[in-house]
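Chemist:
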Amino acid sequence: MAVEFRLLDDIAAYVDGVALELGPPQQRSVLAVLLVEAPRHLSTEQLIGRVWGDRPPQRVKGTLYSYLSRLRGALAPAEKDAVIARRSGGYALVVDRDTVDLHRFRLLVEQARAADEAAQAAMLFEQAFTLWLGEPLELGDTPWFRTLRESLLRERWAAVLDRNDVLLRLGHHGELLAELSRWVEQHPLDERLAGQYLLALYRSGHTADALSAYEDVRRRLAQELGVDLGPHLRTLHQQILTNDAVLAPPPRTPTALAARPVPRQLPAPATRLIGRAGELRHLDELLAPKEQRRAAMPVSVICGAGGTGKTWLALSWAHDHLRHFPDGQLFVDLRGYTPSAEPLDPSLVIRGFLDTLGVDAEDIPADPDTQAALYRSLVADKRMLIMLDNARDTRHVLPLLPGSPTCTVMITSRHQLTGLVASHQPVHVTLGTFDHTTARELLGLFADAERITAEPDATTALVDHCAGLPLALSVLAARISTNPALTLTALAAELRDSAHRLDVLETGESGMDVRTVFASSYQALDHETAQVFRQLAQAPGPDISLPAAASLTALPAARLRTVLRRLQVAHLLQEHAPGRFSYHDLLRAYAIELADVTDGCQSRAALTRVLDHYLLTAVAADRLLLPYRDPIHLPPTAEGVRPEDITSHEQAMAWFTREHPVLIAAVPHAARAGHDTHTWQLAWALTTFLTRRGRWTDVAAIHTTALAAATRLKNPAAQAESHRALAWERTEAGDTRTAYSELTRALTIAAENGDALSQAHTHLALGWLYEREGDQHAALRHDRQALDLFDSLAHRPGLARALNAVAWDHGRQGNHQEAVDHCHRALGIQTELGDRRGQAATLDTLGCAYQDAGDHRRALTCHQRALAIHRALGHRYNEAEALIHLCRTQQALGDRHAAGQALEQALAIYREIQVPESCVEEARALLRALQAGGAAECSPAQSS
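As structure tokens, then:
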């Protein structure tokens, strides 16, 4: 395990290249003090004085103890190498000083000054300077920190001057000259530096410039400090004037500073960049002034799934900004995800960079760490761009980062490189897929506008099938441009079959088709993560929640989070909402391919588990929405399934709201996989929620599938249930003929199988249908039959519903007292059962009965109570119906304003849910009549 502490920049700690979370600035300052003084013991008062200076907060000791406790936790991954030890009256950090960059710097400088050979000294100095990545101890802002920072900068400057003397002894005056010139501008009164500059100028053949520089420093010292030059500079000046042989350059000893060409390694950019304007602007932050940047060294990380165009973006930006990198550009494909090759070893990359930078083979050290130090020395203070393409992970790039803030680094990777993000605060760009407009624009680069205009539907289909993935779109564009006879319609037809979509996106060239790109990401996964990637393809619907994924994979939730995080980091999965995960469509197709080949029965087991999860949770949630619904018998549950724990009506509604797109997709998914019992039972469990939200199209879709499954199972009760649901949907659509046919079939099935309970439910549905048709006598006949059957079965919830239906029928026929009596009987049962939904429906009926009898005040109370319950239960369809009934009563009471408000609210709900247009038009007509001052009547309908 590699542990590293940094003080010569931001205060940071790393374990194997991954940054530790050290907490807020003052907590990190506590660690910095301990690291600077390590392993010396510090009293509590000394720590407080260094961290807070003369402005300690109240209860500062408690704060300090809290920081120390948290730091121990933060350093837990490095506990074998760094321990905060409690000692009498204070603390000490027990740590290997070589892991702290400050102590490492001082040791290297000490070794350099003591070295017998100048070449070895030069190398040690360069290694020391690579540890400086920015302003030392940037967070500290107390007198102790400021004094220490000034002292450290003086230490570094003294080391720089010592290094210069060494390099001049080695004959590297030419390579030093540019750096010395810059430093003289920054330190015009430093006589030692001035002497080094004069000597480098003289040895480089610039005697006149050396004499001029001598006069400059002499004049500045006299004007600004009022002092004369020291004896060393005066002697050097005289030696220059006389061409003293003492100043002759020594034989040049090869070192890291050999003359080198300006590298121009960037590959040519691809075709014109499409659709990344925002990302390009974000990358421009790399060129911001230093004080505006987030890191001392400008670094960008462009990450995203394979095929999103990361290299395309990086090269486009780089070529547009070449003028900012006059000292050259280095480029390497690290092959982190190249299918046909292993990732490049960073040491080989550094060796290649050294070749490019002009270092002779015999001058390259054998030790990889020394080679890395040499590389950083060569690029130090250079305005260079270093592009590291296709990195595998953070470890892959850390050895390749220069130490100089003048260099700019661009990294592309399918990995999120979170360790690098934490340590270097890069400009971070995550590439997603293209939107529909941008995708069409990309196709338009290759296919002429006439072809796209002539086949707009096919163009839309092509874009949809590629799901916005730039690589997939580029492959299609290439096929279009290379085969003028290929129509867009024919290509769209090829892509329509999702099972063979990846075949259509093959190019025949290694590494250039979508499947190969996906494979290179997949092959980098460990065994467990790869298995979860394949298993997730079995899940129905557009996404999957963490609890559902836990059942699907049979993994503990904590373990699963780790695996899902790996897939996210590799950009093979996205968490598009907290706790909800999804694939790109083409990645799903690839995962299904893999599962079909690799997993066999394991895939079927995973699908069974996730269907069990959804079914068990949906049935439990439905019981909370409709507690007195007749239960169904569930199949045995697969091992490893953990349904969600839902304990309240509100939680049930929230769960269905989140999951209903997945559940609706799960019904046909289960049917295609041969899980017929799951198919009809999932549809059954969804029905209550969907009808409350008025989602009648979904009701029709799932119960058409469920009916086919129930027929295959020869399950008459399930068949009748789906016929009733389909009849309900047809009634709401105004297709009463088909609704009657569905209910007749349900009644026949129930009668043939002697299922009295199913018959009772079907008679109740027929009564509702006839009431909607206006045949009150037929409605009453069926409702009474339902009442008798429920009564004979002692089915109290059904009996109460039938009493309510009979009450409604009597009310429509003018038998108001009969209606009131039946309502009270129904309410008595429902109150005893605690059936709030049933109470709301009966209160609505009772309100209409009172209203028709002229007792408007009682009617108002009933409708208000019914409305409150419907709202609490989230029953949007019945809420709108109750509002329309309330309108009638408020109008009768003369409160036209309140009646209008009720209608407005009902219309808003109708716009939100699926209802027949006739209902909407009726409500609008009532509103217009009210606004015009008319006496429009509200037409009540039975509560469903």
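Position in the sequence shown counted from 1, then plus 681, gives you our numbering.
We treat Cβ as the ideally placed atom computed from N, Cα and C, and that holds for glycine.
Note that the structure is a prediction, hence the values are computed from the model and not measured.
If we call anything under 8 Å between Cβ atoms a contact, is Phe1199 one with Leu1248?
Modeler: No. Outside cutoff.
Chemist: Relative to the alpha-carbon of Tyr1309, which residue among His868, Ala1142, Asp1001 and Thr1512 has its alpha-carbon at the smallest distance?
Modeler: Closest option to Tyr1309, Cα to Cα, is Thr1512.
Chemist: Does the Cβ of Leu968 have 16 or more other Cβ atoms within 10 Å, making it buried, or fewer, making it exposed?
Modeler: Looking at its Cβ environment, which holds fewer than 16 other Cβ atoms inside 10 Å, Leu968 is exposed.
Chemist: Whole angstroms are fine: how far does the CA of Glu960 sit from the CA of Thr1111?
Modeler: So the alpha carbons of these two residues sit roughly 9 Å apart.
Chemist: Any idea which residues DSSP pairs Ile1225 with across the strands?
Modeler: Note: Ile1225 sits in a beta bridge opposite Phe1262.
Chemist: Going by DSSP in three states, Tyr1203 sits in which element: helix, strand or coil?
Modeler: Three-state DSSP puts Tyr1203 in a helix.
Chemist: Please give the ranges of any alpha helix (DSSP H) in the stretch 1469-1526, keeping only runs that are unbroken, at least 4 residues long and fully inside the region.
Modeler: Whole alpha helix (DSSP H) segments, 4+ residues: 1477-1493 and 1497-1514.
Chemist: What does the alpha-carbon distance come out to for the pair Tyr746 and Leu752?
Modeler: Near 10 Å, if we compare the C-alpha coordinates of Leu752 and Tyr746.
Chemist: So, are the CB atoms of Arg1016 and Pro1024 less than 8 Å apart?
Modeler: Cβ distance < 8 Å, so Arg1016 and Pro1024 count as in contact.
Chemist: Ala1347 and Leu1371 - do their beta-carbons sit closer together than 8 Å?
Modeler: Taking 8 Å as the Cβ cut-off, Leu1371 and Ala1347 do not qualify as a contacting pair.
Chemist: Whole angstroms is fine: what's the gap from Gln1623's alpha carbon to Asn1559's?
Modeler: Residue placement at Gln1623 is poorly supported in this model, since its pLDDT is 38, which falls under 50; the coordinates are not used for a value here.
Chemist: Buried or exposed, going by whether 16 or more other CB atoms sit within 10 Å of the CB of Cys1282?
Modeler: Cys1282 is exposed by the Cβ-count criterion.
Chemist: Tell me the rounded alpha-carbon separation between Leu749 and Ala1072.
Modeler: If I take the Cα positions, the gap works out to 37 Å.
Chemist: Assuming Ala1366 contacts Asp1277 (C-beta within less than 8 Å), just tell me the rounded distance between them.
Modeler: Contact flag wrong, Cβ pair sits at about 29 Å.
Chemist: Starting from Gly1125, trace the alpha helix (DSSP H) both ways and give me its first and last residue.
Modeler: Here the alpha helix (DSSP H) through Gly1125 covers His1117 to Gly1125.
Chemist: Buried or exposed for Leu701, please, with buried defined as at least 16 other CB atoms from any protein chain shown within 10 angstroms of its CB.
Modeler: It counts as buried.
Chemist: Secondary structure at Thr1369, three-state DSSP: helix, strand or coil?
Modeler: Thr1369: helix per DSSP, three-state reduction.
Chemist: So what does His1109 bridge to, in DSSP terms?
Modeler: Looking at the DSSP assignment, His1109 forms a beta bridge with Val982.
Chemist: Just how far apart, CA to CA, sit Arg1418 and Leu1315?
Modeler: Each residue's alpha carbon lies about 34 Å from the other.
Chemist: What three-state label does DSSP hand Ala1352 in the structure shown?
Modeler: It is helical.
Chemist: Note the first and the last residue of the continuous alpha helix (DSSP H) segment covering Tyr883.
Modeler: Element bounds for Tyr883: Glu872 to Arg884.
Chemist: Nearest-angstrom Cα distance between Arg975 and Gln1106?
Modeler: Because Arg975 carries a pLDDT of 49, less than 50, the predicted location of this residue cannot be relied on, and no value is offered for it.
Chemist: Please classify Ile673: does DSSP put it in a helix, a strand, or coil?
Modeler: Residue 673 falls outside the range modelled here, since the chain spans only 682 to 1625, and no answer is possible.
Chemist: Excluding sequence positions up to five away, which residues of its chain have a Cβ less than 8 Å from the Cβ of Glu1035?
Modeler: Contrary to the premise, residue 1035 reads as Leu rather than Glu in this sequence. Ile1045, Gln1052, Leu1055, Tyr1056 and Leu1059, listed in sequence order.
Chemist: How big is the Cα-Cα spacing for Tyr883 and Leu857?
Modeler: Approximately 13 Å, taken between the alpha carbons.
Chemist: Count the other CB atoms within 10 Å of the CB of Asp782; is the residue buried (16 or more) or exposed (fewer)?
Modeler: Result: buried.
Chemist: Are at least three pairs of beta-carbons, each pair with one atom in the stretch 1399-1411 and one in the stretch 1378-1387, less than 8 Å apart?
Modeler: Result yes; three or more Cβ-Cβ pairs closer than 8 Å.
Chemist: Per DSSP, what kind of secondary structure is Leu1607 in: helix, strand or coil?
Modeler: Reduced to three states, the DSSP call for Leu1607 is helix.
Chemist: Count the other CB atoms, across all protein chains shown, that sit within 10 Å of the CB of Gln973; report buried if there are 16 or more and exposed otherwise.
Modeler: In this prediction, Gln973 has a pLDDT of 47, which is less than 50 and means its spatial position is unreliable; nothing more can be read from the coordinates.
Chemist: How far does the beta strand (DSSP E) with Asn1434 in it extend, from its first residue to its last?
Modeler: Counting along the chain, Asn1434 falls outside any beta strand (DSSP E), and DSSP gives it neither H nor E.
Chemist: So who's on the other strand from Val765, going by DSSP bridges?
Modeler: Note that residue 765 is Ile in the sequence shown here, rather than Val. In the DSSP output, where bridge partners are listed per residue, Ile765 has Leu774.
Chemist: What would DSSP say about Arg1538, mapped onto helix, strand or coil?
Modeler: Helix.
Chemist: Considering Cα atoms alone, identify which of Ala757, Glu1402, Thr1289 and Arg1376 is closest to Arg1353.
Modeler: Out of Ala757, Glu1402, Thr1289 and Arg1376, Thr1289 has the C-alpha closest to the C-alpha of Arg1353.
Chemist: In this structure, how does DSSP classify Met804 when only helix, strand and coil are distinguished?
Modeler: Met804 falls in the helix class under three-state DSSP.
Chemist: How would you write the range of the alpha helix (DSSP H) that Phe1006 sits in, first residue to last?
Modeler: First-last for Phe1006: undefined, no H or E at that position.
Chemist: Only counting the same chain, and skipping five residues up and downstream in sequence, which positions put a Cβ closer than 6 Å to that of Leu1123?
Modeler: Result list for Leu1123: Ile955 and Leu1154, in chain order.
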